[in-house]
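Engineer: In my numbering, each residue's number is its place in the sequence shown (first place is 1) plus 48.
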Amino acid sequence: MANLGPYEELVVKALGRHAFLGQLYNGGSSTLLSENLFGNAEIISKESSTSFSDQSFKEVRSIQDRAESLDVSASLSLSILGGALDISGFGSYLDRSNKKSESHTLVTVARVLTKHNRLEIQPMLDRVAMLDDVVQKTRATHVVTGITYGGTALGTVVLKKSSSDKANEIKGELDLSFTKAALVKISGKGTLSKEDKEKLENIDLDVRLIADFRDKKSPAPSTATELMEVVKRTVELIGDTGVPYELRLTPISRFMGDTVNGLFRELAAADMSKITEFYDDLVTLSQNRTSLRTTFEQNHTLLFPTFVKTCRARSSEVDRLLGEAREKLKGFLTKFRENDSSVNVEAFLKEAAPGYENELKLYNADRAVAAKLLDIKRGADDRKFPLVSVEKLREEMNRIDRATVALVLVPADVQVVSLLNTYRVLADDIQAWRSSQDAVQPSSSPNTPAPTVYFSVYIDPLVESDLLILDGAKKSLAYAISTANTTKETVFLTFGVSRLNVRTLDWNALGQEGWGILSNEGQGWKYVGDVQGGRRNGSGVISYADGTSYAGGWFNDERDGFGKLTKTREGGAVIEEGVYIENVLRSDGVVVDTTVVNNGSVVGFAKIALRSYDSVSGHVDKIARVLGWKSGQKYRLKLESTSGAFTAQTVLVNGPLIDASEHPSIETSAWPLDKGAKGELKIKVEKL
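Okay, structure coming up:
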């Protein structure tokens, strides 16, 4: 510690405070008092010229950096930090705790000194107007005996930090380097090129001017270039005199003798450094907490509400901790400087913020959580399965075009590597297949697929109940959520109409209903396409271990419908193509669009592969199997074609059989599918 003798003077910066010779000063709180030690007596002083000016430029990251940029003593800086000294302007700059977000701050300081006015102490000793007991009550420790006039212009350029995203951190460092170089150039005699000016204007910067003058001719600067131009004019704007810049303080005992206990004790430099470093760490934690909270509040509240709630609570706790620590610092400084022997630095640092270490651990843990959540979002977005809120999902489910919604449910405890692998498979396989399906030109036929939209939803505990509200009759969504949370693996679902029931919208789990991915590691194949009951049904693409692939129609796990078998590794060379029926390429195969109507409304649709020379009973059996008809369900089938040489055919059926009311000869008769295939061949089914 430093015990200052009765005649040892202090020098402090005025920082915009009005001051006069003879003014009392309280060293315990670093405040100027309103009383004049000499009352109305004439002040005897000596004035001298101190003409001087300079300009500095630096990046500041800590309380110490800020104090050094203004050449402010550590003692005064601590008083401001502790709240004992409330100075707007320069004080708000020095009090780093007022900054609510983590950022890079570039500072330029222009200083101008004009003159120095010094009190003549010896002749003023007889002009003391205040009584000893009155001075004692003011708790004054010093008297202003010297004032250096001039002024300061402080320009701050803050490069805002938008998120903890690594890419943004790299971009921020590049922007910082460019901004520093540009501002250094402007602060000198250099000028920026038009290109560099535009680049500087496009960087997200906050600029602020704190000065001992007002530029009445120009508005407050709003860009970095405008700010630097104003700072360069500091000498002109300060004028001949300026304002109090620096104060010389003489101990009160120099004027009052031993009758006034004005002994002032200041912290040793090493102790001030310890306290400053501790509060710097605490302020940094508070700002980092605020930055993390605001990043997620502004961009991801609906995606990760539980994490946002946690960040809010923990940010508030750190702010409370910082507020209490500042109050404790204020009390400690006053007691220490007034020679209270009950306080010491080590004990104070232990008691100042007892929860700091725990809060720091929580913050580091939350940073890891934030990084994981951002990785989840980035992985989803990059693979074109963007992470969306439940509200957005609800909107997409209500699309007028009845689009199929492909959804990845992401559990809170998912492993990021596993998630990224899932997206890779889904993006490369499912999206490629669906894109080919969606490319079909719109028509009046119900077989035209609706567009497919792709999304991901994070199963946040606070949105799970809202998500369940979107479930359908089959409760597939509830099952998928439970599965995802239990297995800690992603679950894939689709929402839309089924091929066989175009009137009902519902959720379907991957590989069970709707469409998805099926694979057999033992046989070495992987299928992407329509599925029903866990089987390949509809259209899809399968890749085989021998390097071939088939794309086309399927029924009951067999190739059925128009398809193409190709060599995957030889540029997609076609091995064979045509209409397949029960896994065999048939030269007489025909694919017929079949539409089911009930009371005038389309309720089902399927593409059905039939052999031209099969009997009508064989056709009816195949149609019934594809559409899932049972005995007792009656329909009227009408085969039509736009071919002029084709005559429409009608038959009544009962489940998989021709109805008994039809003539027996119809069973063995054949439909002229080969003629009808020359036009647009259709079967219209009417439910009776």
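Cβ atoms here follow ideal geometry from the backbone N, Cα and C, with glycine treated the same way. Since this is a predicted model, take the numbers as computed values, not measurements.
(1) Which residues bound the beta strand (DSSP E) around Gly637?
(2) Quick check: the Cα distance between Asn556 and Ala413, rounded to an integer number of angstroms?
(3) Which term fits Thr289, buried or exposed, when burial requires 16 or more other beta carbons within 10 angstroms of its beta carbon?
(4) As an exercise, report each continuous beta strand (DSSP E) stretch of at least 3 residues that is fully enclosed by the stretch 276-345, in chain order.
(5) How many angstroms separate the CA atom of Ala718 from the CA atom of Val639?
(6) Is it true that the CB of His164 sits closer than 7 Å to the CB of Thr239?
(7) Is it true that the CB of Ile111 sits closer than 7 Å to the CB of Gly324?
(8) Leu142 by DSSP, collapsed to three states: which one?
(9) Tell me the rounded alpha-carbon separation between Val283 and Gly64.
(10) By how many angstroms is the C-alpha of Gly130 removed from the C-alpha of Asp461?
(11) By the three-class DSSP mapping on this structure, what secondary structure does Phe653 have?
(12) Considering only residues of the same chain and omitting the five flanking positions on each side of Val176, which have a CB-CB separation below 8 Å?
(13) Going by DSSP in three states, Tyr197 sits in which element: helix, strand or coil?
(14) In three-state terms, what does DSSP make of Val436?
(15) For Gln634 and Tyr628, what's the separation of their Cα atoms in angstroms?
(16) What would DSSP say about Phe603, mapped onto helix, strand or coil?
(17) Can you tell me where the beta strand (DSSP E) with Leu518 in it begins and where it stops?
(18) Please identify the residue among Pro292, Leu297, Val511 whose C-alpha is closest to the C-alpha of Leu350.
(19) Grab me the residues of Arg659's own chain with a C-beta within less than 7 Å of its C-beta, minus the 5 sequence neighbours each way, in chain order.
(20) Throw me the rounded Cβ distance for the Ala158 and Thr200 pair, which I believe falls under 8 Å.
(21) For Arg341, which residues of its own chain have a beta-carbon under 7 Å away from its beta-carbon, when the five flanking residues on both sides are left out?
(22) Taking 7 Å as the limit between beta carbons, can you name the residues of its chain near Thr500, skipping five residues before and five after?
(23) In whole angstroms, what is the alpha-carbon distance linking Gln335 and Phe540?
(24) Run through DSSP, which three-state label would Pro171 get?
(25) Buried or exposed: which applies to His66, given that a residue is buried once 16 or more other Cβ atoms fall within 10 Å of its Cβ?
(26) Do Gly198 and Tyr293 have their C-beta atoms closer together than 7 Å?
(27) Hey, would you say Gly648 sits closer than 7 Å to Ser679, going by beta carbons?
(28) Please state whether the Cβ-Cβ distance between Lys383 and Val393 is less than 7 Å.
(29) To the nearest angstrom, how far is it from the Cα of Pro269 to the Cα of Ala259?
(30) Please go through the same chain and pick out, in chain order, the residues whose beta-carbon is closer than 8 Å to the beta-carbon of Lys10, but skip the five residues on each side of it.
(31) Helix, strand or coil for Phe10 per DSSP?
(32) Compute the distance between the beta-carbons of Val205 and Ile300, then report whether it is under 7 Å.
(33) Can Leu685 and Val733 be called in contact, C-beta distance under 7 Å?
(34) Just to confirm, is the Cβ distance from Ile731 to Val664 under 7 Å?
(35) Does DSSP put Ala528 in a helix, a strand or coil?
(36) Buried or exposed for Lys425, going by 16 or more other Cβ atoms inside 10 Å?
Structural biologist: Quick answer:
(1) Working through the sequence shown from its first residue, we reach residue 637 at position 589. Here the beta strand (DSSP E) through Gly637 covers 637-646.
(2) Here the question's residue 556 lines up with position 508 in the sequence shown. Here the question's residue 413 lines up with position 365 in the sequence shown. C-alpha separation (whole angstroms): 37 Å.
(3) In the sequence shown, residue 289 corresponds to position 241, counting from 1. Thr289 should be labelled exposed.
(4) With a minimum length of 3 residues, the continuous beta strand (DSSP E) runs that stay inside the stretch 276-345 are 291-299.
(5) As a first step, residue 718 must be located in the sequence shown, where it is residue number 670. As a first step, residue 639 must be located in the sequence shown, where it is residue number 591. C-alpha of Ala718 to C-alpha of Val639: approximately 16 Å in a straight line.
(6) Position 191 of the sequence shown, counting from 1, holds the residue named residue 239. Position 116 of the sequence shown, counting from 1, holds the residue named residue 164. Result no, Cβ atoms of Thr239 and His164 do not sit closer than 7 Å.
(7) For the purposes of this step, residue 324 is taken as the residue at position 276 of the sequence shown. For the purposes of this step, residue 111 is taken as the residue at position 63 of the sequence shown. Going by the sequence as given, residue 324 is Thr instead of Gly. The Cβ atoms of Thr324 and Ile111 lie closer than 7 Å to each other.
(8) If you number the sequence shown from 1, residue 142 lands on position 94. Assignment of Leu142 by DSSP, reduced to helix, strand and coil, places it in the helix class.
(9) Mapped onto the sequence shown, residue 283 falls at position 235. Mapped onto the sequence shown, residue 64 falls at position 16. Looking at the two C-alpha atoms, the distance is approximately 17 Å.
(10) Start at 1 with the first residue of the sequence shown, and residue 461 comes out as number 413. Start at 1 with the first residue of the sequence shown, and residue 130 comes out as number 82. Near 43 Å, if we compare the C-alpha coordinates of Gly130 and Asp461.
(11) Here residue 653 corresponds to residue number 605 of the sequence shown, with the count starting at 1. Strand, per DSSP.
(12) Locating residue 176 in the sequence shown gives position 128, counting from the first residue. Leu85, Phe86, Phe303, Met304.
(13) Counting from one through the sequence shown, the residue named residue 197 turns up at place 149. Tyr197: strand per DSSP, three-state reduction.
(14) The residue given as residue 436 occupies position 388 in the sequence shown. In the three-state scheme derived from DSSP, where H, G and I count as helix and E and B as strand, Val436 is classed as coil.
(15) Here residue 634 is taken as the residue at index 586 of the sequence shown, counted from 1. Here residue 628 is taken as the residue at index 580 of the sequence shown, counted from 1. Here residue 634 turns out to be Arg, not Gln, going by the sequence shown. Linking Arg634 to Tyr628 through their CA atoms gives a straight-line distance of about 6 Å.
(16) As a first step, residue 603 must be located in the sequence shown, where it is residue number 555. Annotated three-state conformation of Phe603 is strand, per DSSP.
(17) For the purposes of this step, residue 518 is taken as the residue at position 470 of the sequence shown. Counting along the chain, Leu518 falls outside any beta strand (DSSP E), and DSSP gives it neither H nor E.
(18) Locating residue 350 in the sequence shown gives position 302, counting from the first residue. Checked all of Pro292, Leu297, Val511; the closest Cα to Leu350 is Val511.
(19) For the purposes of this step, residue 659 is taken as residue 611 along the sequence shown, with counting starting at 1. Excluding positions up to five away in sequence, the list reads Ile629, Arg634, Asp636, Gly637.
(20) Working through the sequence shown from its first residue, we reach residue 158 at position 110. Working through the sequence shown from its first residue, we reach residue 200 at position 152. Right, the Cβ-Cβ distance comes to about 7 Å (below 8 Å), so this counts as a contact.
(21) Here the question's residue 341 lines up with position 293 in the sequence shown. Correct list, in chain order: Cys359, Arg360, Ser363.
(22) Within the sequence shown, numbered from 1, the residue matching residue 500 stands at position 452. Excluding residues within five positions, the ones whose Cβ falls inside 7 Å are Ala451, Thr452, Ala454, Arg482, Asp486.
(23) For the purposes of this step, residue 335 is identified with residue 287 of the sequence shown, where counting begins at 1. For the purposes of this step, residue 540 is identified with residue 492 of the sequence shown, where counting begins at 1. Approximately 39 Å between the Cα atoms of the pair.
(24) Looking up residue 171 in the sequence shown gives position 123. Looking at Pro171 - three-state DSSP - the assignment turns out to be helix.
(25) The residue labelled residue 66 in the question sits at position 18 within the sequence shown. Answer is exposed; the Cβ neighbour count stays below 16.
(26) Taking the sequence shown and counting its residues from 1, one reaches residue 198 at position 150. Taking the sequence shown and counting its residues from 1, one reaches residue 293 at position 245. Yes, the pair counts as a contact, with Cβ atoms nearer than the cut-off.
(27) Within the sequence shown, the letter at position 600 stands for residue 648. Within the sequence shown, the letter at position 631 stands for residue 679. Cβ distance not < 7 Å, so Gly648 and Ser679 don't count as in contact.
(28) What you label residue 383 is simply residue 335 of the sequence shown in a count that begins at 1. What you label residue 393 is simply residue 345 of the sequence shown in a count that begins at 1. Result no, Cβ atoms of Lys383 and Val393 do not sit closer than 7 Å.
(29) For the purposes of this step, residue 269 is taken as residue 221 along the sequence shown, with counting starting at 1. For the purposes of this step, residue 259 is taken as residue 211 along the sequence shown, with counting starting at 1. Looking at the two C-alpha atoms, the distance is approximately 12 Å.
(30) Only positions 49 to 736 of the chain appear in the structure, and residue 10 is not among them; the question remains open.
(31) Residue 10 falls outside the range modelled here, since the chain spans only 49 to 736, and no answer is possible.
(32) For the purposes of this step, residue 205 is taken as the residue at position 157 of the sequence shown. For the purposes of this step, residue 300 is taken as the residue at position 252 of the sequence shown. Between Val205 and Ile300, the C-beta gap is not smaller than 7 Å, which leaves the two residues out of contact.
(33) Working through the sequence shown from its first residue, we reach residue 685 at position 637. Working through the sequence shown from its first residue, we reach residue 733 at position 685. Yes, the Cβ-Cβ distance between Leu685 and Val733 is below 7 Å.
(34) By 1-based counting over the sequence shown, the position of residue 731 is 683. By 1-based counting over the sequence shown, the position of residue 664 is 616. Between Ile731 and Val664, the C-beta spacing is not below 7 Å.
(35) For the purposes of this step, residue 528 is identified with residue 480 of the sequence shown, where counting begins at 1. Ala528: helix per DSSP, three-state reduction.
(36) On the sequence shown, residue 425 is found 377 positions in, with the first residue counted as 1. Burial check for Lys425: the Cβ neighbour count within 10 Å reaches 16 or more, so the residue is buried.
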